[in-house]
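Residue numbers (the numbering used here): 15 to 552. Every residue gets a Cβ at the ideal spot worked out from N, C-alpha and C, and that includes glycine. The structure appears below as structure tokens.
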Amino acid sequence: MNLDQVTVEIRPRSAWEALDLGLLMARRWWWPMMKLWLIVSLPVLAIALLIPAGYWWISAILIWWLKPIYERPLLHILSHAVFNELPDTHSTLKAFPSFAFKQIMLSLSWRRLSPTRCMDLPVLQLEGLSGARRYERLGILHREDSSPASWISFLGLMLEFSLWIGLITLVWAFIPQELNIEWAGLFFDHESAELIGLQIFIWYCAIALTAPFYVACGFALYLNRRIKLEAWDIDIAFRRIANKRVNQSRVLSLIGALAIGFCSLIDGIPPAYADESLPGMEQTSDDSTDEFVIEKPLGEYQELDRDSAQAAIKDVMQQGEFSRKEKVRELKFDEPEEDEDSSEFWEKLFDFLENFEGFIAAANMLEILLWFAVMALIVYVIYRYRNWLAAQFVRVKPVAVTTAKPVTLFGMDVTRESLPDDISQTALELLTTGNTRAALALLYRASLFRLIDSGIEIHDGHTEGECVRLMREHYSTISSQPRDALKIRIDYFAQLTRAWQQLAYGHLDPDHHHAEQLCKNWNPCWLDSSTSTARGAQ
15 MNLDQVTVEI
25 RPRSAWEALD
35 LGLLMARRWW
45 WPMMKLWLIV
55 SLPVLAIALL
65 IPAGYWWISA
75 ILIWWLKPIY
85 ERPLLHILSH
95 AVFNELPDTH
105 STLKAFPSFA
115 FKQIMLSLSW
125 RRLSPTRCMD
135 LPVLQLEGLS
145 GARRYERLGI
155 LHREDSSPAS
165 WISFLGLMLE
175 FSLWIGLITL
185 VWAFIPQELN
195 IEWAGLFFDH
205 ESAELIGLQI
215 FIWYCAIALT
225 APFYVACGFA
235 LYLNRRIKLE
245 AWDIDIAFRR
255 IANKRVNQSR
265 VLSLIGALAI
275 GFCSLIDGIP
285 PAYADESLPG
295 MEQTSDDSTD
305 EFVIEKPLGE
315 YQELDRDSAQ
325 AAIKDVMQQG
335 EFSRKEKVRE
345 LKFDEPEEDE
355 DSSEFWEKLF
365 DFLENFEGFI
375 AAANMLEILL
385 WFAVMALIVY
395 VIYRYRNWLA
405 AQFVRVKPVA
415 VTTAKPVTLF
425 GMDVTRESLP
435 DDISQTALEL
445 LTTGNTRAAL
455 ALLYRASLFR
465 LIDSGIEIHD
475 GHTEGECVRL
485 MREHYSTISS
495 QPRDALKIRI
505 DYFAQLTRAW
515 QQLAYGHLDP
525 DHHHAEQLCK
535 NWNPCWLDSS
545 TSTARGAQ
């Protein structure tokens, strides 16, 4: 294993990022992997198609159960391609017997249903571990990043079923409508051997499409754990630093040799031989502090022998720093030892099992646990979707928020108490005395009061033009009053607002006749006929 020839970026990744790397590896080397997968699995497909149609389920299980055998050549290609040694088809088939039947009975028995099978296969095939050493190694690898391996197994199985149904749908879509073939009778009729063979072949194609990605994702998780545990990224970094310094030393040596030769040619000094020392070289070499410690590039990565490593570890652990022992004393009450006869224990156990009491108790306990799980699930669902449930079943009428009516607007008092009883008459009197500004201010304040009283929300942040716009929007929704009266009121307020803006901001007095018409028209515009008559009588 030469880390200098790695074709992927060596760095610690998260588990899901490692799965993305596995998908990229499967896409890059998809055709060599798929070609080998077909060569190895086609004999099994032929055997499955020869099984009688009445035992079609045996054919489907046979193709699915022998998947660990088809996956081993794919792992062989990936393990070499990652280190820039992509094997050809002939060499892989030649090496196939050497790794295809390693612990094959265990791989096809209870290990076949392991959810982390894709991540465990490299330990068996690449490291060649078995027994207790394999369990220890898997325990180290599964401390992190083992959960995505289980999800890959589950999602891969679901993807196979989805592809199987999708391919069946695709075949059915190409059948002409003139044939009038029923869907259920075409693909779920177990009496036709041809249709059963077609279903098995489609199932085989679905497994073939997912196999390279499944193996590549498992190998990427395994590779990511090796990078984290053995610090491959640090090793590669040190190798690059060492090689860089060696190359620099070689360049400096070559420059030095050329400089010495050039000086010797100029001064006529004969070139020095290897066994001769130049003047001042000994002192320079003794006092030099820039001599490179690393003069040779690091070789290929060599894995330590397990036995020698264990022996070295034992020697270190036997040193005084690691073999210190302490004696701890504590008071403890003596308890009478219970002498229980083992034969009596086994007799009670067998009697307990013979009367089915143990099974009944276990079944009752399991039922209680299931009911607790169901209730916990219901509570979780209600809590999780409480907002949606409240929106569906609880219809609460929103509470109307009452806002306080403003007292002053634009620096003017707009309360009912600040206004006279007859607005038009008072404004005419002010206009007659020559106080045009006070007359228009009174008309404008009274108009704002009427707008606020009708329900329009106006505050100091609004401008005079926005007040006109709010009035138009509000009156457009009123259907209880005549449209003509509302239009007259809107036009009056627009004219009054324009005159007030010219006087207040431009200091331009309006025409006397126009101001007089504004004063006279206020009562007919804002007050109904009954109110106007009552005010005239007063």
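Residue j beta carbon less than 9 Å from that of residue i
{"i": "Gln516", "j": "Leu522", "result": "yes"}
{"i": "Thr61", "j": "Leu50", "result": "For clarity, residue 61 is Ile in the given sequence; the question names Thr instead. Not in contact: Ile61 and Leu50 (Cβ atoms no closer than 9 Å)."}
{"i": "Pro162", "j": "Ala32", "result": "yes"}
{"i": "Glu158", "j": "Ala245", "result": "no"}
{"i": "Pro561", "j": "Asp474", "result": "Any question about residue 561 goes unanswered here, given that the chain covers just 15 to 552."}
{"i": "Ala529", "j": "Ala418", "result": "no"}
{"i": "Ser93", "j": "Gln139", "result": "yes"}
{"i": "Met485", "j": "Leu465", "result": "yes"}
{"i": "Ser438", "j": "Trp536", "result": "yes"}
{"i": "Leu444", "j": "Phe463", "result": "no"}
{"i": "Leu35", "j": "Val20", "result": "no"}
{"i": "Phe168", "j": "Ala220", "result": "no"}
{"i": "Gly211", "j": "Leu63", "result": "yes"}
{"i": "Arg27", "j": "Ile241", "result": "yes"}
{"i": "Phe215", "j": "Leu52", "result": "no"}
{"i": "Ile9", "j": "Leu122", "result": "Absent from the model: residue 9. The displayed extent of the chain is 15 to 552, so no value can be given."}
Residue from the options whose Cα sits closest to the Cα of residue i
{"i": "Leu442", "options": "Cys533, Gly425 and Leu510", "result": "Cys533"}
{"i": "His156", "options": "Arg239, Leu88, Arg400 and Leu138", "result": "Arg239"}
{"i": "Leu235", "options": "Trp124, Leu184, Ile91 and Thr130", "result": "Thr130"}
{"i": "Arg512", "options": "Asn401, Arg320 and Thr477", "result": "Thr477"}
{"i": "Leu143", "options": "Ser167, Lys116, Leu122 and Ala387", "result": "Lys116"}
{"i": "Arg503", "options": "Arg483, Ala518 and Lys108", "result": "Arg483"}
{"i": "Leu120", "options": "Gly520, Arg148 and Lys108", "result": "Arg148"}
{"i": "Leu184", "options": "Tyr394, Cys231, Gln213 and Gly448", "result": "Gln213"}
{"i": "Thr450", "options": "Gly520, Ile248 and Pro524", "result": "Pro524"}
{"i": "Pro136", "options": "Ala114, Trp124 and Ser123", "result": "Ala114"}
{"i": "Ile118", "options": "Lys108, Trp79 and Leu384", "result": "Trp79"}
{"i": "Lys108", "options": "Glu208, Glu487, Val54 and Ile392", "result": "Val54"}
{"i": "Gly170", "options": "Cys132, Arg151 and Ile154", "result": "Cys132"}
{"i": "Arg151", "options": "Leu243, Ile182, Trp70 and His488", "result": "Leu243"}
Simplified DSSP state of residue i, which is helix, strand or coil
{"i": "Thr446", "result": "helix"}
{"i": "Leu423", "result": "strand"}
{"i": "Leu312", "result": "Low local confidence applies: a pLDDT of 43 at Leu312 is under 50, so the model's placement there is unreliable, with the coordinate-based value given in what follows. Of the three classes helix, strand and coil, the one that applies to Leu312 here is coil, per DSSP."}
{"i": "Gly475", "result": "coil"}
{"i": "Val342", "result": "coil"}
{"i": "Tyr399", "result": "coil"}
{"i": "Pro136", "result": "helix"}
{"i": "Val330", "result": "helix"}
{"i": "Leu80", "result": "coil"}
{"i": "Tyr519", "result": "coil"}
{"i": "Arg157", "result": "coil"}
{"i": "Val482", "result": "helix"}
{"i": "Phe115", "result": "coil"}
{"i": "Glu141", "result": "coil"}
{"i": "Val58", "result": "helix"}
{"i": "Asn535", "result": "coil"}
{"i": "Val20", "result": "coil"}
{"i": "Ser128", "result": "coil"}
{"i": "Arg320", "result": "helix"}
{"i": "Asn378", "result": "helix"}
{"i": "Gly469", "result": "coil"}
{"i": "Arg25", "result": "coil"}
Residue i classed as buried or exposed, judged by whether at least 16 other C-beta atoms fall within 10 angstroms
{"i": "Pro190", "result": "exposed"}
{"i": "Ile269", "result": "exposed"}
{"i": "Asp580", "result": "What the structure shows of the chain is the stretch from 15 to 552, and residue 580 is not part of that stretch, so it cannot be assessed."}
{"i": "Met389", "result": "exposed"}
{"i": "Glu431", "result": "exposed"}
{"i": "Asp435", "result": "exposed"}
{"i": "Ala323", "result": "exposed"}
{"i": "Lys81", "result": "buried"}
{"i": "Trp402", "result": "exposed"}
{"i": "Ile24", "result": "buried"}
{"i": "Ala187", "result": "exposed"}
{"i": "Met39", "result": "buried"}
{"i": "Arg343", "result": "exposed"}
{"i": "Gly232", "result": "buried"}
{"i": "Asp134", "result": "buried"}
{"i": "Ala230", "result": "buried"}
Within-9 Å CB hit, residue i to chain D
{"i": "Arg451", "result": "Reference to chain D is not applicable here, since this structure consists of a single protein chain."}
- Message: Count Cβ pairs between the segment 424 to 433 and the segment 455 to 473 that sit closer than 8 Å; are there 3 or more?
- Response: yes
- Are the segment 212 to 231 and the segment 86 to 95 in contact at 8 Å, needing three or more beta carbon pairs? yes
- When the Cβ atoms of the segment 93 to 101 are set against those of the segment 37 to 51, are three or more pairs found closer than 8 Å? yes
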